[in-house]
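Engineer: Residue numbers (this note's numbering): -10 to 224. C-beta: ideal position from N, C-alpha, C; glycine also. Submitted below is the structure of interest, expressed as structure tokens.
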Ligand SMILES: [Zn+2]
């Protein structure tokens, strides 16, 4: 979805140099775009958007980056599409992106500006609940795992997500709840009660907001996430 949003945003940019790089951590999407046998709604929409941009003389390239970079970048996909379009020193090598991104591009965007974009952007609502403040996000050191990434971004590992992308027919959780969202698994699901009780005992206060969990109780919260068997819940 972030790719599509970034492309849609690019259509409205009036730049002299019509070159943009889309950074994504979704290998599946990149592979699907290349595979002409794949015609899912999302892939088709992205292809159509690319065709429109091509007709407008845009040159769009894709670059895969590791997930830990993308948490920062996906959320500001439209800002960065703009940056890439107007910047003369767009990184050419994908391998250098993580360093280039964190050290120069993102730091050169003022944090305030980024925060403004962050609030405006419809992308990453879930991540915003954990990180309403960009400056705090930049300060916090987080070692990401697949599970933690899924929780913070809201992408993947739930049946609601699988259904949204037509990979599952229904979103019913194993506990019987008919909508297995990430919030359901973390905060309400009967199947994760035991793990949640341990977290509650450790932090001694409940309920806790997502922001509190990520700032004050990060280690306990991450241990809780890692203790959840998402594969088992998705059966
Ligand atoms: Zn459940």
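#1: List in chain order: all unbroken alpha helix (DSSP H) runs of 4+ residues lying wholly within the stretch -2 to 37.
#2: Taking its Cβ as the centre, do 16 or more other Cβ atoms sit within 10 Å of residue 65, making it buried, or is it exposed?
#3: Classify residue 170 as buried or exposed, calling it buried when 16 or more other Cβ atoms lie within 10 Å of its own Cβ.
#4: Kindly indicate the opening and closing residues of the alpha helix (DSSP H) around residue 139.
#5: Could you check what DSSP says for residue 51 in three-state terms: helix, strand or coil?
#6: With 16 as the cutoff for other CB atoms within 10 Å, does residue 128 come out buried or exposed?
#7: So the candidates are -6, 46, 27; which of them puts its Cα closest to the Cα of residue 8?
#8: What does the Cβ neighbour count give for residue 12, buried or exposed, with the cut at 16 atoms within 10 Å?
#9: Residue 148 to residue 168, Cα distance in whole Å?
#10: Would you say the beta carbon of residue 148 is closer than 6 angstroms to some non-hydrogen atom of ligand 1?
#11: Please look up how many angstroms separate the CB atoms of residue 144 and residue 162, rounded, as I've assumed it's under 8 angstroms.
#12: When you compare only the Cα positions, how much space is there between residue 153 and residue 207?
#13: Quick check: does the Cβ of residue 208 come within less than 6 angstroms of any heavy atom belonging to ligand 1?
#14: Once DSSP output is grouped into helix, strand and coil, what is the label at residue 163?
#15: To the nearest whole angstrom, what separates the beta carbons of residue 226 and residue 219, a pair I think is in contact under 8 angstroms?
#16: I'd like to confirm something about residue 166: is its beta-carbon nearer than 6 angstroms to some heavy atom of ligand 1, or not?
#17: In terms of residue numbering, what span does the alpha helix (DSSP H) encompassing residue 115 cover?
#18: Kindly indicate if chain C contains any beta-carbon less than 7 angstroms away from that of residue 191.
#19: Which residue from 126, 52, 44, 104 puts its Cα closest to that of residue 200?
#20: Determine, using beta carbons only, whether residue 10 and residue 50 come nearer to each other than 7 angstroms.
Structural biologist: According to the structure shown:
#1: Taking only runs of at least 4 residues, the alpha helix (DSSP H) segments lying wholly in the stretch -2 to 37 are 16 to 23.
#2: Caution is warranted here: a pLDDT of 48 is assigned to residue 65, below 50, making its placement in the model unreliable, and the coordinate value is therefore given only provisionally. By the neighbour-count rule (16 or more Cβ atoms within 10 Å), residue 65 is buried.
#3: With a threshold of 16 other beta carbon atoms within 10 Å, residue 170 meets it and is buried.
#4: It spans 135 to 142 - the alpha helix (DSSP H) in which residue 139 sits, taken as one unbroken run.
#5: Residue state, collapsed to three classes: strand.
#6: Exposed, because fewer than 16 other Cβ atoms sit within 10 Å of the Cβ of residue 128.
#7: Taking only the C-alpha atoms, the option nearest residue 8 is 46.
#8: Under this definition residue 12 is a buried residue.
#9: Taking the Cα positions, residue 148 is about 8 angstroms away from residue 168.
#10: Within 6 angstroms of the C-beta of residue 148 there is not a single heavy atom belonging to ligand 1.
#11: Their Cβ separation, rounded to whole angstroms, is 18 angstroms, which puts residue 144 and residue 162 out of contact at 8 angstroms.
#12: Spanning the alpha carbons of residue 153 and residue 207 requires a straight line of approximately 29 angstroms.
#13: No; taking the cut-off as 6 angstroms, the Cβ of residue 208 has no heavy atom of ligand 1 nearer than that.
#14: Here residue 163 sits in coil by DSSP.
#15: Nothing about residue 226 can be read from this structure; the chain reaches only from -10 to 224.
#16: At a threshold of 6 angstroms, residue 166 counts as near ligand 1, since its beta carbon sits closer than that to one of the ligand's heavy atoms.
#17: First-last of the alpha helix (DSSP H) with residue 115: 114 to 119.
#18: Among the protein chains of the structure shown there is no chain C, as only one such chain exists.
#19: Minimum Cα distance to residue 200 is reached at 126.
#20: Cβ distance < 7 angstroms, so residue 10 and residue 50 count as in contact.
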